[in-house]
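Read top to bottom, the protein sequences are chains A and B. In terms of the working numbering, the first sequence is numbered consecutively and its last residue is 513. In terms of the working numbering, the second sequence is numbered consecutively and its last residue is 459. Backbone N, C-alpha and C fix where the C-beta goes; we use that ideal spot for every residue, glycine too.
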Amino acid sequence: MRKRLAALATVAIMTFAACTSGGTASPTTGGGASQPAGSTAAACTVGVSWNNFQQPRWAAHDKPNIQKTVEAGGGTYIDADANLVNEQQLTDIDTLISKGAKVLILLAQSNTAILPGLKKAQDAGIPVIAYDRLIEDPGVVYITFDNVLVGKAEADAIIKKVPKGNYVLIKGDPGDPNASTFLPQGWDQAGLKDKVASGDIKILNGPDGTFTDAWKTEKAQSNMEAIIDNAVADGTKIDAILAENDSTALGVAAALTAKSYGYPPLSGQDGDPANLNNVALGRQYVDVFKNANELGKAAGALALALCAGTKPADLKLPSGLVDPAVAPAAGLGAQDFKTPNGTMVKSFILQPTPLTADTLQKAIDAQQVSKADLCKGVDAATAPAACK
Amino acid sequence: MTNLAEAAPVPGVQPPARTSIRGLIAQTEIDLRLFGMLVVLAGILLAFNILSGGKFFQPTNMVTLAVQASGVAVIATGMVLIIVSRNIDLSVGSLVGFIAMTYALLMTDWMPHLLGMGPDFPFRWAIALGLGILLGAGFGAIQGFIIAYVGVPSFIVTLGGLLTIRGLVWYLSSGAAVSGLDPGFQLVGGGALGSIGGTMTWIVGVIGCLAIVALLINGRRQRRRYGFPVRPMWAEATLAVIGCVAVIGLAAFANNNFWPKGLAERYATQNNIPIPAGGLLIPTGFPNPIMLLLAVTLVMTFIATRRRFGRYVYAYGGNPDATELAGINTRWTILKTYVLMGVLCALAAAIAAARLNGATLDVGQSYELYVIAAAVVGGTSFAGGIGTIPGAVLGAFVMQSLAYGLSFMGVNSPGQNVVAGIVLILAVGFDTFNRRRGS
């Protein structure tokens, strides 16, 4: 009995030593003693600073998957929610470090305001993962979905469905680079620009489309109503609508309903349950969905690897952890990514999943939506496979 | 203020000379402010029509514009009373969002799962609407109580309300969009099915015309009875003709808006109606939200000008101390203005939710700004005591006609905001200048 205790103590001390090079003891590291002695590096504390839990996805998908992956690897998960306040996020980072975090995962509220916190972590020798939002610093590992690819997936689906005709472009907030730059880049990569140049596609609402203040659903609806009225007055038919995200697509679908216009193919992204329901109802053609579960798993695995001392350049996602359809197109190893300011960071850029009526089952499998919500009001006769 | 002018006995005052156009208009006792706003509105519509090469001024487009303005206009009628009594309400947008989300959750979640009222339960939409109105009145009563009885400035209370209530919307749905309302409820939002139809529109038009004539006759009789000067007969006749032509004209205009082709054809095949060569033309008539707005405007005007409560509000706004010294329960009056506001927010929320067929986290966001702008453009003064309800409704139409027109022309929202801001300042500046010159 005494021998066993002593052995346990030794392991505990070893783990402790391995995990407290920063000097502060964490009460949770004791839990590492129950882990096999061989994987001391895995017994580490991963601190996550969320900028907000107001959007449901973070608490529903990202957090539990990071936590599960970290804990499955023998680590400890701690986190803090900054509630959309920059100062709070800096305080949170301090707290996480003093609680013994050995790796930080940051979802930055602002990619500039977070820099003092980043410096503090780096001074303490703590590696940082920039989660979903870029932080401009060569030291971070950046993990996200490719927003250009999201735009490409939206336009791929719509252009394949409607290769020629009159398009309406509904964009998001004019101040958001996703709305004005990245997503439209993806549209152009899918061939929108060439088809406009060749005359196959005509854009009804100006060359740049219509922006939507703050991505507001109501605003997208009233804009779309004016566009429909204009098209009807001209006697032109709207053949397809590219909407950048789901909140605007929801407004577009409401406008089409209010005008009893019928439902030309419409795009969106985010996999919001209300929009997935619209896909099932045939009111939205495609919803490009960023599977946050996979992003969380990947971040958790990378955090454990960093904790074990792996250099960012040598990071590799464990094979089989992330759904191959979502895993980075460039392979499982870290890739160089050039930020808009020209900094090179190591990155993992995951692929989005386009969901159409035929592939809605994926949304149920990812627990993005319940079957009841997905199939609400869907007519049994015309229901997609996922609703049968 | 026309109403005060009507009520005040003016023996010995000579009717204005008939020599100038201004004199002629004065004899008809038309509210020049309202008349001016109608001219401005017509000017804006005409300008857009020219700019768009004649595509703009069509029944379909005007119906869209009117429906888009209806929510803000409904709330603006209440904002008039609040601003007239020297208060403000910044929480209306958040309250609209909260109640819209409540409607959506009631019909999709709470009613079927908590209250055991499935989708087939009769009049679910009406029950939801009733609960929303109670909720609005409740929120209004709380804010009104703190303002009137505790004495916290209304700006602060309703600013707090703006933040708090918007935060509560998030807790209702965890930020998710909720959709799929009852078909009955969706009719509140307008559209081809949510309109009163061709026949009803003609009936409404005729009733409107008869009502105008009846009001004119009754007014003339009452004035005779109490020895007030009456309008010359030609002025009465002109007003009756103009009023009737306007109302019947609006009905005819609305009846020139037809069901969308696809919907009409589906309806025809379902009911075995042969489709004529020119297509099946089913007139939509006035949309429901406009009928709701019309009812709200009439009731609110009645309350403001013909009920004791309304007169107290204007009296308080004109001189709070004198009103209190006159023994009027001013606190109760102020509280009631906020309750009324809450009810109007519930109606506007119904329009917004029905139009969206659901609710999102941001429904109603920045309504407070549009509503205050509509009231102020419509001639409501922050100094208190001045403002009319039809003016605020027209103000809402002026602001929305700009937003819709620019949107129709393909101007993006930053440009729309620039124009809306400039018009707001111009309208109030012009008004202030006019009042100073008049006094």
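{"Query": "Same chain, Cβ closer than 6 Å to B:V100, neighbours up to 5 away in sequence not counted", "Result": "A395, T400, G407, I409 and A412"}
{"Query": "A:Q180 in three-state terms, based on DSSP", "Result": "coil"}
{"Query": "A:I295 and A:T342 closer than 7 Å at C-beta", "Result": "no"}
{"Query": "Backbone secondary structure at B:L24 - three-state DSSP", "Result": "For B:L24, the predicted structure reports a pLDDT of 45, less than 50, and the residue's modelled location is therefore unreliable. A value from the coordinates is still provided. In the structure shown, B:L24 sits in a helix (DSSP, three-state: H, G or I)."}
{"Query": "Counted within 10 angstroms of its Cβ, other Cβ atoms place A:K471 as buried (16 or more) or exposed", "Result": "buried"}
{"Query": "Partners in chain B for A:T335, counting only beta-carbon separations shorter than 7 Å", "Result": "N432"}
{"Query": "Within chain B, partners of A:K501 - CB distance below 7 Å", "Result": "G200"}
{"Query": "Cβ-based burial, B:N292 [other Cβ within 10 Å; buried from 16]", "Result": "exposed"}
{"Query": "Inter-residue spacing [alpha-carbon to alpha-carbon] between B:G338 and B:R106", "Result": "9 Å"}
{"Query": "Cα-Cα separation between A:D187 and A:Q346, rounded to whole angstroms", "Result": "30 Å"}
{"Query": "Closest residue to B:V177 among B:F450, B:A284 and B:L355 (Cα-Cα distance)", "Result": "B:L355"}
{"Query": "Expected contact under 8 Å - CB spacing of A:L122 and A:L475 to nearest Å", "Result": "A question about residue 122 of chain A goes unanswered here, because the residues of chain A that appear run from 126 up to 513."}
{"Query": "Cβ of B:S194 within 7 Å of any chain A Cβ", "Result": "yes"}
{"Query": "For B:L115 and B:I41, believed in contact at Cβ under 8 Å, the rounded distance", "Result": "The pair is not a contact, with the Cβ atoms about 45 Å apart (cut-off 8 Å)."}
{"Query": "Burial state of B:S242, where buried means 16 or more other Cβ atoms lie within 10 Å", "Result": "It should be pointed out that residue 242 of chain B corresponds to Gln in this sequence rather than to Ser. Per the 10 Å Cβ criterion, exposed."}
{"Query": "B:P307, buried or exposed, once every other Cβ within 10 Å from all chains shown has been counted against 16", "Result": "buried"}
{"Query": "Every unbroken alpha helix (DSSP H) within the segment 321-381 of chain B, with a cutoff of 4 residues, ordered by chain", "Result": "328-338, 340-345 and 350-376"}
{"Query": "Chain A within 7 Å of B:Y424, Cβ atoms only", "Result": "yes"}
{"Query": "Contact residues within the segment 341-373 of chain A, judged by C-beta distance below 9 Å to chain B", "Result": "K341, T342, E343, K344, Q346, S347, N348, E350, A351, I352, I353, D354, N355, V357, A358, D359, D371 and S372"}
{"Query": "Whole-angstrom C-beta distance between A:Y410 and A:K286, which should lie under 8 Å", "Result": "6 Å"}
{"Query": "For A:A315, the three-state DSSP class (helix, strand or coil)", "Result": "coil"}
{"Query": "DSSP-derived helix/strand/coil call for B:G171", "Result": "coil"}
{"Query": "CB contact check: A:P263 to chain B, cutoff 7 Å", "Result": "no"}
{"Query": "For A:I295: DSSP bridge partner residues", "Result": "A:T335 and A:A368"}
{"Query": "A:P398: first and last residue of the uninterrupted alpha helix (DSSP H) it sits in", "Result": "P398 to L406"}
{"Query": "Alpha-carbon spacing of A:A379 relative to A:K344, whole angstroms", "Result": "11 Å"}
{"Query": "Continuous alpha helix (DSSP H) stretch holding A:Q476: start and end", "Result": "Here A:Q476 belongs to no alpha helix (DSSP H), and DSSP marks it neither H nor E."}
{"Query": "Chain A contact residues for B:N81, given Cβ-Cβ distances below 9 Å", "Result": "A351, D354, N355, V357 and A358"}
{"Query": "Residue range of the unbroken alpha helix (DSSP H) whose run includes B:S421", "Result": "I409 to F428"}
{"Query": "Under the three-state DSSP convention, the category B:L201 falls into", "Result": "coil"}
{"Query": "Chain A within 7 Å of B:G298, Cβ atoms only", "Result": "no"}
{"Query": "Simplified DSSP assignment, three categories, for A:K227", "Result": "coil"}
{"Query": "Contacts of A:G331 in chain B (Cβ-Cβ under 7 Å)", "Result": "G430"}
{"Query": "Under the three-state DSSP convention, the category B:A120 falls into", "Result": "helix"}
{"Query": "Distance, B:L149 Cα to B:A366 Cα", "Result": "8 Å"}
{"Query": "Extent of the continuous alpha helix (DSSP H) run through A:T515", "Result": "Residue coverage of chain A in this structure runs from 126 to 513, which leaves residue 515 of chain A outside it and unanswerable."}
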